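Residues in the sequence shown are numbered consecutively from 145, following the numbering used here. Every residue gets a Cβ at the ideal spot worked out from N, C-alpha and C, and that includes glycine. Just so you know, these numbers come straight off a predicted model, no measurement behind them. I have placed the structure first, in the form of structure tokens, so that the comments after it can refer back to it.
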Amino acid sequence: MGDLGREVSLTAPARPPGTDAATRRRRPRGRGRHEGRIALLFISPWLIGFAVFMAYPVLYTAYLSLTDYDVINDPSFVGLDNYRELVADEKVTLALRNTFVYTAMSVPAQLVFSLALALLLQRAGRAAGFFRTAFFLPKMTPPVAVGVLLLMLLNGQSGLVNEFLGWFGINGPNWTTDPAWVKPGLVIMSLWTVGASVIILLAALQQVPEELLDAARVDGAGWWQRLWHVTLPIISPAIYFIVVVDTIASLQSFTEAYTAFFGAGNTTYSNDAALFYAIYLFQQAFEFLHMGYASALAMLLFLIVMIVTAVQVWLSRRYVHYTGDTR
Numbered sequence: 145m146g147d148l149g150r151e152v153s154l155t156a157p158a159r160p161p162g163t164d165a166a167t168r169r170r171r172p173r174g175r176g177r178h179e180g181r182i183a184l185l186f187i188s189p190w191l192i193g194f195a196v197f198m199a200y201p202v203l204y205t206a207y208l209s210l211t212d213y214d215v216i217n218d219p220s221f222v223g224l225d226n227y228r229e230l231v232a233d234e235k236v237t238l239a240l241r242n243t244f245v246y247t248a249m250s251v252p253a254q255l256v257f258s259l260a261l262a263l264l265l266q267r268a269g270r271a272a273g274f275f276r277t278a279f280f281l282p283k284m285t286p287p288v289a290v291g292v293l294l295l296m297l298l299n300g301q302s303g304l305v306n307e308f309l310g311w312f313g314i315n316g317p318n319w320t321t322d323p324a325w326v327k328p329g330l331v332i333m334s335l336w337t338v339g340a341s342v343i344i345l346l347a348a349l350q351q352v353p354e355e356l357l358d359a360a361r362v363d364g365a366g367w368w369q370r371l372w373h374v375t376l377p378i379i380s381p382a383i384y385f386i387v388v389v390d391t392i393a394s395l396q397s398f399t400e401a402y403t404a405f406f407g408a409g410n411t412t413y414s415n416d417a418a419l420f421y422a423i424y425l426f427q428q429a430f431e432f433l434h435m436g437y438a439s440a441l442a443m444l445l446f447l448i449v450m451i452v453t454a455v456q457v458w459l460s461r462r463y464v465h466y467t468g469d470t471r
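Now the structure itself:
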């Protein structure tokens, strides 16, 4: 038997060196490709939705921006004429200035107000659940209703805000007719719907380790020092998210301002002070049927949002701190 075993081993073809290792390497690669195909299958509904509802509209808008199109007749190619007209249009400059000023006022105001409410909710104890719901409910209010509410609350003659200020001997401004107060009035109304930001910040505050706050308290840090040096750096990812989302939303502000100052043929109020970029785009597209020009306006807004977001992402590398980040 020993001789036979030696004979069989001598006559069997020898495997090339490294064959087993190559087989082991080949199998995981094939399995990885199979898992990749399964992953693509699972995310295919999102990919289809992205292509149909986002990528295609953006590409088609870019095409329309190079045409003269009035919705009724077929688009006719005009090259960069719409963009040349855009650069020379004084209304575009006015709308951009109004939008940037409103964004610069609205985003910090919403962030500070949301953080203040979240800090108060953190101390609410058992009543926190009720107040979370109460603060979030206005977020469900239709924006058109908020625009109507703006006129009711901020009316210079009979608004509730001015009546409240009158109790303290303060003569309230004409929020809806004085161009200097139109945008501050809109910012005040934007605070009505900060409920979602409050919930996000409250969740972030509840993740701040108590031992870090206790250590800072033992070292003699006051409330403000603990907030600035401990709490804010830890919740900075949530703050960053809110800033990005609120900035994009503010740059596209439309419904509340349009309802309050442009709806139903309104010509009484100071429309120029409330002419945001999205409103001017809407007017060109659906009131004047300058769809090609409106598409050029939309592409400019898309570019502005991309640039602003890219700057915020770049700044986040310095000011946003993630748990476990060793940079």
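Using the three-state DSSP reduction, which class does SER209 fall into: helix, strand or coil? coil
Can you list, in chain order, the residues of its chain with a C-beta nearer than 7 angstroms to that of THR247? Leave out the 5 residues immediately preceding and following it. THR391, SER394, LEU395
Just verifying my parser: in three-state terms, what is the DSSP assignment at SER380? helix
Looking at the structure shown, is SER334 part of a helix, part of a strand, or coil, going by DSSP? helix
Minimum C-alpha distance to ILE448 - residue among TYR424, ALA199, LEU240, GLU234: LEU240
Any idea what DSSP makes of SER220, helix, strand or coil? strand
For PHE432, the three-state DSSP class (helix, strand or coil): coil
Backbone CA spacing between ALA347 and SER209 [nearest angstrom]: 43 angstroms
Taking C-beta to C-beta, are VAL305 and THR337 nearer than 8 angstroms? no
Closer than 7 angstroms by C-beta to ARG228: which residues in its own chain qualify, once you throw out the five before and the five after it? Chain order, please. none
Compare the beta carbon distance of PRO381 and VAL464 with 8 angstroms and say whether it is the shorter of the two. yes
Beta carbon of THR475, beta carbon of ALA442: below 8 angstroms? The first residue shown for the chain is 145 and the last is 471, placing residue 475 beyond what the model contains.
Quick one, which of VAL455, GLN456, ARG276, VAL251 has its alpha-carbon nearest ILE344's? ARG276
For GLY366, name the three-state secondary structure that DSSP assigns. coil
Given a cut-off of 8 angstroms, decide if MET249 and PRO328 are closer than it, judged by their beta-carbon atoms. yes
If distances are taken between C-alpha atoms only, which option among GLU400, ALA262, VAL452, GLY313 comes closest to GLN350? ALA262
Along the chain, where does the alpha helix (DSSP H) containing ILE344 start, and where does it finish? 339-349
Buried or exposed (CB count within 10 angstroms, at least 16 for buried), PHE406: buried
LEU309 versus LEU293: straight-line alpha-carbon distance, rounded: 18 angstroms
Taking buried to mean at least 16 other C-beta atoms within 10 Å of its own C-beta, is PRO417 buried or exposed? Per the sequence shown, the amino acid found at residue 417 is Ala instead of Pro. Classification for ALA417: buried.
Have a look at TRP319 and ASN299 and give me their C-alpha separation to the nearest angstrom. 7 angstroms
Under the rule that 16 or more other beta-carbon atoms within 10 Å means buried, what is ILE187, buried or exposed? exposed
Considering Cα atoms alone, identify which of THR403, GLN266, PRO287, TRP368 is closest to VAL342. GLN266
I believe VAL288 touches THR399 by the beta-carbon criterion, under 8 angstroms. Please report the beta-carbon distance rounded to the nearest angstrom. 6 angstroms
Is the distance from the Cβ of THR211 to the Cβ of PRO201 below 8 angstroms? no
When you compare only the Cα positions, how much space is there between ASN233 and GLY364? Looking at the sequence provided, one finds Asp at residue 233 rather than Asn. One C-alpha to the other measures close to 58 angstroms.
Straight-line gap, MET450 to ASN315 (C-alpha atoms, nearest Å): 42 angstroms
Simplified DSSP state of PRO286, which is helix, strand or coil: coil
Would you mind listing the alpha helix (DSSP H) stretches within the segment 257-310 that are 4+ residues and don't spill past its ends, in chain order? 272-280, 287-297, 304-310
Please report how far the alpha carbon of PHE385 lies from the alpha carbon of LEU259, in whole angstroms. 13 angstroms
Contact check, VAL215 vs LEU433 under 8 angstroms by CB: the rounded distance? 5 angstroms
Within 10 Å of its beta-carbon, does ILE379 have 16 or more other beta-carbons around it, so buried, or fewer, so exposed? buried
THR403: buried (16+ other C-beta within 10 angstroms of its C-beta) or exposed? buried
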